[in-house]
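Trainee:
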Amino acid sequence: MNYPEHDKSASFIPLDVYTKSKINSTAKVAGAAAILSIAGTIISLLAYITKPSVRTGLTKEGFDDATIQVAAKSSVLLVIFSVLISAVLFYTLYSFSKLVRKGLATDDCRTLNRGLFHLASYFKIIGILLLCALGFLFLSSLMLGLGAAT
5 MNYPEHDKSA SFIPLDVYTK SKINSTAKVA GAAAILSIAG TIISLLAYIT KPSVRTGLTK
65 EGFDDATIQV AAKSSVLLVI FSVLISAVLF YTLYSFSKLV RKGLATDDCR TLNRGLFHLA
125 SYFKIIGILL LCALGFLFLS SLMLGLGAAT
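Counting from 5, one number per residue, gives the positions in the sequence shown under this note's numbering.
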């Protein structure tokens with residue numbers, strides 16, 4: 005497709021109405037998913053903060069106080085890490101949603117590109133997390149296999 009009257013304009017988006025509507029509906033779903041994910045993270049954080057400290061389970065297993073404290077600290081670090089990752093994912097997905105909808109509404113190519121850049125960042129983060137999880141799974145199974153061999 006060639007749009008000669010708009011070739012020099014950086015803000016014209018050469019998409020048909022059907023494609024724009026599909027991208028817009030995808031952005032709306034992404035915005036709703038981002039809001040639901042951050043709401044779930046906030047609920048999880050509140051549940052973690054308000055849960056009672058139960059130390060009887062670890063003491064019944066024969067662990068000393070130092071081990072119980074290490075377990076509690078590692079739990080806090082995992083929650084903080086989870087909240088940070090969730091916040092970054094929320095920011096990238098919600099930014100994609102807002103910028104793409106704004107870019108399509110105003111027919112601004114730069115805003116649309118910025119929104120798509122945020123979506124690309126979202127998938128890069130998901131990919132990195134997936135590779136880390138697969139690496140951890142591989143190392144765990146390797147250690148399990150080596151432990152079973154001895």
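Ideal Cβ positions, reconstructed from N, Cα and C, are used throughout, including at glycine.
(1) If we call anything under 9 angstroms between Cβ atoms a contact, is G119 one with A51?
(2) Thinking C-alpha only, which one of G35, S86, D20 and S78 is nearest I47?
(3) Along the chain, which unbroken stretches of the alpha helix (DSSP H) at least 4 residues long are found entirely within the region 65-143?
(4) Is it buried or exposed, S101, if we count other Cβ atoms within 10 angstroms and call 16 or more buried?
(5) How many angstroms separate the CA atom of S90 from the CA atom of I17?
Mentor: With the structure as the only source:
(1) Locating residue 119 in the sequence shown gives position 115, counting from the first residue. Locating residue 51 in the sequence shown gives position 47, counting from the first residue. With a cutoff of 9 angstroms on beta-carbon distance, G119 and A51 are scored as not near each other.
(2) The residue labelled residue 47 in the question sits at position 43 within the sequence shown. The option with the nearest alpha carbon to I47 is S86.
(3) Within the region 65-143, complete alpha helix (DSSP H) segments of at least 4 residues are found at 69-110, given in chain order.
(4) Working through the sequence shown from its first residue, we reach residue 101 at position 97. That one is buried.
(5) As a working mapping, residue 90 is identified with position 86 in the sequence shown. As a working mapping, residue 17 is identified with position 13 in the sequence shown. Approximately 32 angstroms between the Cα atoms of the pair.
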